[in-house]
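To keep things clear, I will list the structure first and then write my remarks on it.
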Amino acid sequence: MRPSGTEPGDFVEFDMDLIEADRRQRLRDALNHALPMLERETGVQLQLANDGNDLVLTADGNIRFRASLAPDGRVVVTDLDSGDLL
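All residue numbers for the sequence shown refer to numbering that gives the first Met the number 0, where the first residue is 0 and numbers rise by one.
Laid out in structure tokens, this is it:
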């Protein structure tokens with residue numbers, strides 16, 4: 000990646016907070032889109048919540064699904080049993 004307007008040897012700063020905020024927003028959008036389908040499939044009401052830096056879907060106060068972004072940009076949603084086992 001070569002930012003425009005820089006010369007060789009220039010120090011380029013990346014706003015990691017902005018990058019992380021964009022990542023979280025893309026995850027949130029994908030989960031909001033998938034929420035109705037997951038609710039129909041599981042038969043439970045799900046809520047979107049934060050768990051540290053991760054976004055999760057909870058049911059009855061317990062984490063049911065955990066979301067992450069794969070290196071290629073795909074959203075990976077992991078279904079957790081009530082015992083937090085995969």
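Every residue gets a Cβ at the ideal spot worked out from N, C-alpha and C, and that includes glycine.
{"Check": "Under three-state DSSP, which class holds Leu84?", "Outcome": "Here the model assigns Leu84 a pLDDT of 46, short of 50, so the residue's position is not dependable and the matter cannot be decided."}
{"Check": "Please return the same chain residues whose Cβ sits closer than 8 angstroms to the Cβ of Leu84, not counting the five positions on each side in sequence.", "Outcome": "Residue placement at Leu84 cannot be trusted, given a pLDDT of 46 that sits under 50; what the coordinates show is reported in the next sentence. So the list is empty, once near-sequence residues are dropped."}
{"Check": "In whole angstroms, give me the CA-to-CA distance for Leu54 and Phe13.", "Outcome": "23 angstroms"}
{"Check": "Going by alpha carbons, who is nearest to Arg73 out of Gly8, Asp9, Met15, Arg23?", "Outcome": "Arg23"}
{"Check": "Relative to the C-alpha of Thr77, which residue among Leu34, Arg63, Asp50 is closest?", "Outcome": "Arg63"}
{"Check": "Which same chain residues, not among the five before or five after Arg29, have their C-beta less than 6 angstroms away from its C-beta?", "Outcome": "Reading off the sequence, residue 29 comes out as Ala, not Arg. Same-chain partners within the cutoff: Val74."}
{"Check": "Is Asn31 helix, strand or coil by DSSP?", "Outcome": "helix"}
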